[in-house]
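Student: Below is one structure. I have some questions about it.
In this note's numbering, the protein residues as written are 1200 to 2167.
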């Protein structure tokens, strides 16, 4: 499944409608959640301790006691035999508060991690047999989701979740059960591909706590370990870059000589187009590369003509935009090829003159597997014309070496002719040449016998043959052979094959039709998620840029085309799709932007990996500025630089899998399919479309350059380059590797050094406060502590009064979903009822992609399960009057609705931090503290008097710290 709308989302909330208060601007008094109870821990069970387990009425199945880290007892939950999705369980009875909100926290060892992605087991809490929250990507999620990297090596950490008020009201104790489960692959479309069996024991579970304060503070005798300061990883960049370069060179040769042109995918032909301008590539200034590029476009056109879905499936959301981009890039050199007609495949073989190679390495030829006794090379000392020939040597008497073309070409029926020049030592029957034919399925067709060079001649002699193409043959390769220990030179091979019958279509006409159809389709099917809108917009733009070259009368103005780009990066309001007549539809009103003013991706809230758009930003900027018709755009560059730098606030100190110092992306507060912990990321995430250096190289911003140099100083470039040496997503990764080696790394290395470093790239950096009121998220550094929060976490259907927090320091880590106070006018007619779903809290409805999943997602294996939050009701936030449908046409129950889950005002109180955020554009709110008297304003460093109300203007946030609240 592609990187797409998998997460068309639904809802949860944390406070029932009956308990909700009506608020109005300027009169709001935010009630602090922590003020309800400062009593701290209500109860605690020590797993593996017989007395504690007995006192808490532990029952378990498929569970073992272990002596875990730091000698502390714990339990692991085992897989079943035979292995199934659900594993072992452990249930205890813990105290809860009958009136106040209660939380549960569980203690885990931070050094535990999955040995492979396939063993990313999860742990889920059940309350009296009902699921607490959702199995995948809910606002109340797994109590643990293990990934391949450790969260806190050398120490313990806690994850905290809220219990439903309906489950604890009037009760003083509650059965809390932890169940192990296997891996969930979020993109799986069937039960078997979504839910995977658990095959090894879970991580250790050490303690569970119940408490009323959102921030859980362990007692002094509860040892959470002490971590040591990590050291710098030794730098191995040179060795790793050399390996990636070798891979890139092999890819270039493979794509040019050994891949069938009509079926090259978008990544392979883009690699070839860029290779034409890289001096180290066999495609460099090679006319054969340009012709192969057009043959690929020919194949795509013919496939699309037979099946229109080629434009919407094989090409992704960009349609034929990659073709448009390649045409623009190579336009000035492509004219001769464009003047030809379409082909049904390569009409000639490559490197028939043996000129192309790297030193003695000859490109485009290889030994036949059943006749490979000998060696062959490119020889620049003996040749008939040009500068090189092929030298082939059989390994000895009776040994046979046959060297064949890696490329193949198409042929029609009729007369076939070839000639090749040969130079031998005069020995009889040592040199030969011939053709090997195949049918359209690649099956061998009986071919004419190879012909031999004449004996006695030691100078160049020409071998020629003319014959009828065998019946059924549609493709051919060529072979050259040498026998009996001889050395033979070959040069100047020429082939004339009969034309393939078919309608004559000019390339320029075909490409124009293809690009116009793509632009017209995708302008009517624009996406709303930020990264998806970017892909769609670059496709529309590059198709139009190529149309301006091929058929100017069909092209929009550059300003009109660039509007799609400007919308995708938040320089203009997002107007959605156009209708058939070219009118914008404005599905989310006239003031909705896909990027926040401060530069973060805007989906429903903060996203981690999916928000790392620097790679696509680089692609967009290079598409706008490079190739025929390209020109610099300072406004666009400045905006993209802001977006790339906005991600820097969401990096925090960490260690890599080997224990060395590094920096990771913040994922705990992310909305979409996030791993914990996040990947190693400095300036830019390395993924299948993005390298760690391209944003710094292209935008040349001192901050981005400094962040990238920090990565190199930490020795963390080389480990990331392992991605380029994998075979998964091969041509896509190959294109990324090529651009890194051939273009972006050299450009980055040419930039001057910068002393800029990531804001929280180390524990001793200066304090900061970053808030984004559109995404309702924060990043705060106070001393050696970093706090992240999404204040309306995964509120996909209504205001759920739940925030996600992640608090880190060198010696501690806490993550939690906690209750917040929201302020907005509540309409009793606009509520959402939490459904009895357990896998997900939303449905997927995406007709453009053929995705239609009922609410709640797939049903997990085993007996029917029920949701602990089911039946709770939550208010929808008011939305602008010009938004016709926040669900954008989706009718599936639980389909996500934009805007309805975010309130105008939030108050979060956690671990002494007080955050009062106004997300509205026109209202002013008032924050009044019920408990604190004095606090530090973390923006200014000055003391704030909380005995008086504090005004919070539109699109602003108060971030305060009251140390006394941390101690209480």
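All C-beta atoms, glycine included, are put in the ideal place defined by N, C-alpha and C.
If distances are taken between C-alpha atoms only, which option among 1505, 1840, 1913 and 1848 comes closest to residue 1854?
Tutor: Counting from one through the chain shown, the residue named residue 1854 turns up at place 655. Checked all of 1505, 1840, 1913 and 1848; the closest Cα to residue 1854 is 1913.
Student: Take residue 1527 and list the residues in its own chain whose beta-carbon comes closer than 8 angstroms to its own, dropping the five residues that flank it on each side.
Tutor: As a position in the chain shown, residue 1527 is number 328, starting the count at 1. Within the same chain, residue 1527 has close Cβ partners 1741, 1744, 1745, 1748, 1822, 1825, 1826, 1827, 1828 and 1829.
Student: In chain order, what are the residue ranges of uninterrupted beta strand (DSSP E) at least 3 long that sit wholly in the stretch 1261-1297?
Tutor: 1262-1266, 1272-1276 and 1285-1294
Student: Under the rule that 16 or more other beta-carbon atoms within 10 Å means buried, what is residue 1782, buried or exposed?
Tutor: Within the chain shown, numbered from 1, the residue matching residue 1782 stands at position 583. Result: exposed.
Student: Looking at the unbroken beta strand (DSSP E) that takes in residue 1599, where does it start and where does it end?
Tutor: Reading the chain shown from its first residue, position 400 is the one you call residue 1599. Start and end: 1599-1604.
Student: Measure the alpha-carbon distance for residue 1414 versus residue 2109 and round it to whole angstroms.
Tutor: Taking the chain shown and counting its residues from 1, the one referred to as residue 1414 is at position 215. Taking the chain shown and counting its residues from 1, the one referred to as residue 2109 is at position 910. Computed Cα separation, rounded: 6 angstroms.
Student: Return the chain-ordered list of same chain residues with a C-beta closer than 7 angstroms to the C-beta of residue 1348, the five sequence neighbours on each side being excluded.
Tutor: Here residue 1348 refers to the residue found at position 149 of the chain shown. Closer than 7 angstroms at Cβ, skipping near neighbours: 1312, 1856 and 1876.
Student: Please identify the residue among 1776, 1698, 1701 and 1343 whose C-alpha is closest to the C-alpha of residue 1723.
Tutor: Walking along the chain shown from the start, residue 1723 turns up at place 524. Nearest of 1776, 1698, 1701 and 1343 to residue 1723, Cα basis: 1776.
Student: In its own chain, which residues sit with a C-beta less than 6 angstroms from the C-beta of residue 1332, not counting the 5 before and 5 after it?
Tutor: Taking the chain shown and counting its residues from 1, the one referred to as residue 1332 is at position 133. Around residue 1332: 1339 and 1340.
Student: If you run the structure through DSSP and keep just helix, strand and coil, what is residue 1473?
Tutor: What you label residue 1473 is simply residue 274 of the chain shown in a count that begins at 1. Helix at residue 1473.
Student: Measure the Cβ-Cβ separation of residue 1633 and residue 1678 and say whether it is below 8 angstroms.
Tutor: Numbered from 1 along the chain shown, position 434 holds the residue referred to as residue 1633. Numbered from 1 along the chain shown, position 479 holds the residue referred to as residue 1678. The answer is yes: Cβ separation under 8 angstroms.
Student: Quick check on the DSSP output: the alpha helix (DSSP H) that includes residue 1714 runs from which residue to which?
Tutor: Taking the first residue of the chain shown as 1, we reach residue 1714 at position 515. Unbroken alpha helix (DSSP H) run through residue 1714: 1706-1721.
Student: Could you work out which residue in 1364, 1245 and 1258 is closest to residue 1306 when comparing CA atoms only?
Tutor: Position 107 of the chain shown, counting from 1, holds the residue named residue 1306. Out of 1364, 1245 and 1258, 1245 has the C-alpha closest to the C-alpha of residue 1306.
Student: Nearest by alpha-carbon distance to residue 1562: which of 1793, 2037 and 1554 is it?
Tutor: Working through the chain shown from its first residue, we reach residue 1562 at position 363. The shortest C-alpha separation from residue 1562 is found at 1554.
Student: Could you check whether the stretch 1584-1593 touches the stretch 1654-1674, counting it as contact only if at least three pairs of C-beta atoms, one from each stretch, sit closer than 8 angstroms?
Tutor: no
Student: Give me the residue from 1803, 1837, 1804 and 1801 with the minimum Cα distance to residue 1817.
Tutor: Position 618 of the chain shown, counted from the start, is the residue given in the question as residue 1817. Comparing Cα positions, the closest option is 1837.
Student: If you follow the beta strand (DSSP E) that residue 1899 is part of, which residue opens it and which one closes it?
Tutor: Along the chain shown, read from residue 1 onward, the residue named residue 1899 stands at position 700. Run containing residue 1899: none; DSSP gives neither H nor E here.
Student: Over what stretch of residues does the alpha helix (DSSP H) that includes residue 1374 continue unbroken?
Tutor: Along the chain shown, read from residue 1 onward, the residue named residue 1374 stands at position 175. Here residue 1374 belongs to no alpha helix (DSSP H); instead the beta strand (DSSP E) covers 1372-1380.
Student: To which residues of the same chain is residue 1359 closer than 6 angstroms at the C-beta, ignoring the five residues directly before and after it?
Tutor: As a working mapping, residue 1359 is identified with position 160 in the chain shown. Result list for residue 1359: 1302, 1304, 1415 and 2015, in chain order.
Student: Write down the C-beta distance between residue 1379 and residue 1287 rounded to the nearest angstrom, noting that I regard them as a contact closer than 8 angstroms.
Tutor: For the purposes of this step, residue 1379 is taken as residue 180 along the chain shown, with counting starting at 1. For the purposes of this step, residue 1287 is taken as residue 88 along the chain shown, with counting starting at 1. Between residue 1287 and residue 1379 the Cβ distance is about 5 angstroms, and since that is below 8 angstroms, they are a contact.
Student: Only counting the same chain, and skipping five residues up and downstream in sequence, which positions put a Cβ closer than 6 angstroms to that of residue 1797?
Tutor: Taking the first residue of the chain shown as position 1, residue 1797 is located at position 598. Excluding the 5 residues flanking it on each side, residue 1797 has same chain C-beta neighbours closer than 6 angstroms at 1845 and 1971, in chain order.
Student: First and last residue of the alpha helix (DSSP H) that includes residue 1450?
Tutor: Within the chain shown, numbered from 1, the residue matching residue 1450 stands at position 251. Segment 1436-1456, the alpha helix (DSSP H) holding residue 1450.
Student: CB-CB under 8 angstroms to residue 1642, same chain, minus the five flanking residues each way: which ones, in chain order?
Tutor: Along the chain shown, read from residue 1 onward, the residue named residue 1642 stands at position 443. Excluding positions up to five away in sequence, the list is empty.
Student: Taking Cβ to Cβ, would you say residue 1960 is nearer than 8 angstroms to residue 1786?
Tutor: The residue you call residue 1960 lines up with position 761 of the chain shown. The residue you call residue 1786 lines up with position 587 of the chain shown. Cβ atoms of residue 1960 and residue 1786: not closer than 8 angstroms.
Student: Pull up the distance between the alpha-carbon of residue 1681 and that of residue 1600, whole angstroms please.
Tutor: Position 482 of the chain shown, counting from 1, holds the residue named residue 1681. Position 401 of the chain shown, counting from 1, holds the residue named residue 1600. If you take the alpha carbons of residue 1681 and residue 1600, they lie about 5 angstroms apart.
Student: Per the DSSP calculation, residue 2237 is bridged to which residue(s)?
Tutor: Only positions 1200 to 2167 of the chain appear in this structure, which leaves residue 2237 out of reach.
Student: From residue 1460 to residue 1700, what distance separates their C-alpha atoms?
Tutor: Working through the chain shown from its first residue, we reach residue 1460 at position 261. Working through the chain shown from its first residue, we reach residue 1700 at position 501. Going from the Cα of residue 1460 to the Cα of residue 1700 covers about 18 angstroms.
Student: Which first and last residues belong to the alpha helix (DSSP H) in which residue 1836 is found?
Tutor: Numbered from 1 along the chain shown, position 637 holds the residue referred to as residue 1836. Element bounds for residue 1836: 1833-1845.
Student: Take residue 1220 and list the residues in its own chain whose beta-carbon comes closer than 7 angstroms to its own, dropping the five residues that flank it on each side.
Tutor: The count along the chain shown starts at 1 and reaches residue 1220 at position 21. The predicted position of residue 1220 is uncertain, since its pLDDT is 27 and thus under 50; no value can be drawn from it.
Student: Would you mind reading off the limits of the alpha helix (DSSP H) that contains residue 1540?
Tutor: In the chain shown, counting from the first residue as 1, residue 1540 sits at position 341. Per DSSP, residue 1540 belongs to no alpha helix (DSSP H) and is neither H nor E.
Student: For residue 2154, does the three-state DSSP call read helix, strand or coil?
Tutor: The count along the chain shown starts at 1 and reaches residue 2154 at position 955. Of the three classes helix, strand and coil, the one that applies to residue 2154 here is coil, per DSSP.
Student: By the three-class DSSP mapping on this structure, what secondary structure does residue 1468 have?
Tutor: Taking the first residue of the chain shown as position 1, residue 1468 is located at position 269. Of the three classes helix, strand and coil, the one that applies to residue 1468 here is helix, per DSSP.
Student: If contacts are defined as beta-carbon pairs under 8 angstroms, then residue 1532 and residue 1489 qualify, I think. What distance do you get, rounded to the angstrom?
Tutor: Against the chain shown, residue 1532 aligns to sequence position 333. Against the chain shown, residue 1489 aligns to sequence position 290. That pair is a contact at about 6 angstroms.
Student: Quick one: using the 10 Å Cβ neighbour count with 16 as the cut-off for buried, is residue 1363 buried or exposed?
Tutor: Along the chain shown, read from residue 1 onward, the residue named residue 1363 stands at position 164. The residue is buried, with at least 16 neighbouring Cβ atoms inside 10 Å.
Student: One question on the structure: do residue 1625 and residue 1656 come within less than 8 angstroms of each other, judged by their Cβ atoms?
Tutor: Residue 1625 sits at position 426 when you count from the first residue of the chain shown. Residue 1656 sits at position 457 when you count from the first residue of the chain shown. Contact: yes.
Student: Over the uninterrupted alpha helix (DSSP H) stretch that includes residue 1979, give me the two end residues.
Tutor: Translated into positions along the chain shown, residue 1979 becomes position 780. Unbroken run through residue 1979 is the beta strand (DSSP E), 1976-1980; no alpha helix (DSSP H).
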